[in-house]
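Novice: Residue numbers (my numbering): 67 to 422.
Using N, Cα and C, we set each Cβ at its ideal position, and we do this for glycine too.
Here the structure is a predicted model, which means the values were calculated and not measured.
Quick one: structure below, then a few questions.
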Amino acid sequence: MAIPDTDILHAVWDQLLWPVIAVGLLTLLGTAIVSRALAPLLTQVANQAQRLAETDEELRQAASVFRHAHEAIAITDADQHLLDINPAFTRLLGYPPETVREQPLQTLIAAHGDTSERLDAGSEALAQQDAWQGEVRYRRADGSTLTALQTISTVRDEEGRPRRHIHIFNDITAQKAAEAEVQHRALHDELTGLPNRPHLEQHLDQGLRLAHREAFGLGVLFLDLDHFKEVNDSLGHAAGDDLLRAVTRRLRESLREADFLARLGGDEFVAVLMPLHDDRSAIRVADKLIEALTEPFPLDGHEIHIGVSVGIARYPEDGDGWQALLGAADAAMYRAKQAGRNTWCQHSPPPGPTAT
């Protein structure tokens, strides 16, 4: 018996239609469910991949900045041991990376007056604010020193514990030297190199506060050269300048290292003696200075004879401020001039026999 193909196909189709539809619907439904379930995960994976790519780019940029920055950069651990330095650090300080890696950064610091105080202040600021900026002096590999304006930033881990410190150095050695030169010129006499009047006033003001606090005496000697004008007039100003420099050398040699010598201008000098051990200490120094300047000065083939008149004032007997002490010493010096020159006179003689 023969059955047409179409009849067989219709029969098969009638039997499979609904199962095929059901399978298709289930497939679509399953795909939708799976897609919906996987969407957050796929999104998270995509975001992580993007963040990794961005982080990688940032790391490459940071590495490029680290290598090519003109500023010296050092990375230390939480205990300030060096982990890495950039080429600028090596150029500025002269240390190859392998010689300083794992060494304490503090070993490179050139110690001076307030180094320990600065380090303590920096450590405290880092602990409280995660940042610090200040001046630090470093010892170069060749033994010279470098002054750096240094910025330190703390990097903490996810639990808030310090993990790294980033140090950025700017070399300000030349700037500090220029500032020091300007400061020196402002406070020193150009001809003799001695402190000038503003410097003297600062020194006296500080010395008097210390003398008051520590309860010791202080002496001021006002010196005016005798017969200096005649030398200037006869041999010229250049010879007079040479004589003033020679006088400066002799006065320095006759004073203690702790004593302070200033030039007020012209042929006037002031010595500050601190501390005074007894009432006659200033007199002994005045005698020594007069003796030093009584010896002739060889100058341009001539033997120049001058002298010096010295006025003596003491703290606290003759004043408790620098203006009063300078005025008292100046007045005593004029009395020494009137007494015949090349001698000393006290503003207020101490008890006991004295000479003028």
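#1: Mind listing, in chain order, the continuous beta strand (DSSP E) runs of no fewer than 3 residues lying wholly within the region 348-409?
#2: Using three-state DSSP, classify N298 as helix, strand or coil.
#3: Leaving aside the five residues before and after P428 along the sequence, list all residues of the same chain whose C-beta is less than 8 Å from its C-beta, in chain order.
#4: By alpha-carbon positions, which one of Q195, S347, R311 ends up nearest to E334?
#5: What does the Cβ neighbour count give for Q216, buried or exposed, with the cut at 16 atoms within 10 Å?
#6: So, L284 versus L291, is the Cβ gap smaller than 8 Å?
#7: Beta-carbon within less than 7 Å of L91's beta-carbon, same chain only, minus the 5 sequence neighbours each way: which residues are those?
#8: Give me the Cβ distance between D366 and A305, rounded to the nearest whole Å; I'm assuming they're in contact under 8 Å.
#9: Can you name, in chain order, every residue of its own chain whose Cβ lies under 8 Å from the Cβ of L309, other than the five neighbours on each side?
#10: Please report the residue range of the alpha helix (DSSP H) in which R227 lies.
#11: Quick check on G209: buried or exposed, where buried means 16 or more other Cβ atoms within 10 Å of its Cβ?
#12: Please classify H136 as buried or exposed, where buried requires at least 16 other C-beta atoms within 10 Å of its C-beta.
#13: Are L391 and V374 close, meaning C-beta to C-beta below 8 Å?
#14: Using the rule of at least 16 other Cβ atoms within 10 Å of the residue's Cβ for burial, across every protein chain shown, is A421 buried or exposed?
#15: Output the distance between the C-alpha atoms of S414 and A398, rounded to the nearest integer angstrom.
#16: If we count the other Cβ atoms within 10 Å of its Cβ and call it buried at 16 or more, is A324 buried or exposed?
#17: Spatial neighbours of R407 within its chain, please: C-beta separation below 7 Å, excluding the five flanking residues on both sides.
#18: Starting from R275, trace the alpha helix (DSSP H) both ways and give me its first and last residue.
#19: Curious, which full-length alpha helix (DSSP H) runs of at least 4 residues does the region 234-261 contain?
#20: Leaving out five residues on either side along the sequence, give the residues of the same chain with a beta carbon under 7 Å from the beta carbon of H265.
#21: Residue range of the beta strand (DSSP E) that A304 falls in?
#22: Extract the residue ranges of the beta strand (DSSP E) inside the region 151-180, only unbroken runs of 3 or more that lie entirely within it.
#23: So, with DSSP's three-state summary, where would you put D143?
#24: Can you give me the C-alpha to C-alpha distance between Q404 and E357, rounded to a whole angstrom?
#25: Where A244 and G188 are concerned, what is the direct C-alpha to C-alpha distance, given to the nearest angstrom?
#26: Going by the CB atoms, is the gap between I141 and R230 shorter than 8 Å?
#27: For R350, count neighbouring C-beta atoms within 10 Å of its own C-beta (all shown protein chains included) and say buried if the count is 16 or more, exposed if not.
#28: Please classify C411 as buried or exposed, where buried requires at least 16 neighbouring CB atoms within 10 angstroms.
#29: Restricting to Cα atoms, I'd like to know which of V313, D271, R401 is closest to M340.
Specialist: Quick look at the numbers:
#1: 363-365, 368-370, 373-381
#2: What you label residue 298 is simply residue 232 of the sequence shown in a count that begins at 1. Helix, per DSSP.
#3: What is shown of the chain runs 67 to 422, which leaves residue 428 out entirely.
#4: If you number the sequence shown from 1, residue 334 lands on position 268. For E334, the nearest C-alpha among the options comes from R311.
#5: Within the sequence shown, the letter at position 150 stands for residue 216. When all chains shown are included, Q216 counts as buried.
#6: For the purposes of this step, residue 284 is taken as the residue at position 218 of the sequence shown. For the purposes of this step, residue 291 is taken as the residue at position 225 of the sequence shown. No, these two residues do not count as a Cβ contact at 8 Å.
#7: As a working mapping, residue 91 is identified with position 25 in the sequence shown. Excluding sequence neighbours, L91 sits near nothing in its chain.
#8: To locate residue 366, count along the sequence shown from 1; it is residue 300. To locate residue 305, count along the sequence shown from 1; it is residue 239. The pair is a contact, with the Cβ atoms about 6 Å apart (cut-off 8 Å).
#9: What you label residue 309 is simply residue 243 of the sequence shown in a count that begins at 1. Correct list, in chain order: F294, V297, F363, L365, I370, I372.
#10: Numbered from 1 along the sequence shown, position 161 holds the residue referred to as residue 227. It is not in any alpha helix (DSSP H) - R227 carries neither H nor E in the DSSP assignment.
#11: Counting from one through the sequence shown, the residue named residue 209 turns up at place 143. G209 is exposed by the Cβ-count criterion.
#12: As a working note, residue 136 is residue 70 in the sequence shown. Under this definition H136 is an exposed residue.
#13: Taking the sequence shown and counting its residues from 1, the one referred to as residue 391 is at position 325. Taking the sequence shown and counting its residues from 1, the one referred to as residue 374 is at position 308. Cβ atoms of L391 and V374: not closer than 8 Å.
#14: Taking the first residue of the sequence shown as 1, we reach residue 421 at position 355. In this prediction, A421 has a pLDDT of 43, which is less than 50 and means its spatial position is unreliable; what the coordinates show is noted afterwards. So A421 counts as exposed.
#15: For the purposes of this step, residue 414 is taken as the residue at position 348 of the sequence shown. For the purposes of this step, residue 398 is taken as the residue at position 332 of the sequence shown. Distance between the alpha carbons of S414 and A398 is about 9 Å.
#16: Counted from its first residue, the sequence shown places residue 324 at position 258. The residue is exposed, with fewer than 16 neighbouring Cβ atoms inside 10 Å.
#17: As a first step, residue 407 must be located in the sequence shown, where it is residue number 341. Result list for R407: D292, G373, S375, in chain order.
#18: On the sequence shown, residue 275 is found 209 positions in, with the first residue counted as 1. Per DSSP, R275 belongs to the alpha helix (DSSP H) from 263-280.
#19: 239-253
#20: For the purposes of this step, residue 265 is identified with residue 199 of the sequence shown, where counting begins at 1. Closer than 7 Å at the Cβ level, and outside the excluded window around H265, lie L253, H254, A328.
#21: Position 238 of the sequence shown, counted from the start, is the residue given in the question as residue 304. Note, A304: premise wrong, no beta strand (DSSP E); alpha helix (DSSP H) at 303-320.
#22: none
#23: On the sequence shown, position 77 is the one that residue 143 refers to. Residue state, collapsed to three classes: strand.
#24: Reading the sequence shown from its first residue, position 338 is the one you call residue 404. Reading the sequence shown from its first residue, position 291 is the one you call residue 357. Taking the CA atoms as reference points, Q404 sits about 19 Å from E357.
#25: Within the sequence shown, residue 244 is the residue found at index 178, counting from 1. Within the sequence shown, residue 188 is the residue found at index 122, counting from 1. Cα-Cα distance, rounded: 26 Å.
#26: Numbered from 1 along the sequence shown, position 164 holds the residue referred to as residue 230. Numbered from 1 along the sequence shown, position 75 holds the residue referred to as residue 141. In this structure, R230 places its C-beta atom within 8 Å of the C-beta atom of I141.
#27: Locating residue 350 in the sequence shown gives position 284, where the first residue counts as 1. With a threshold of 16 other beta carbon atoms within 10 Å, R350 falls short and is exposed.
#28: Sequence index remark: in the sequence shown, residue 411 carries index 345 (1-based). The residue in question, C411, is buried, as its Cβ has 16 or more Cβ neighbours within 10 Å.
#29: Taking the sequence shown and counting its residues from 1, the one referred to as residue 340 is at position 274. The option with the nearest alpha carbon to M340 is D271.
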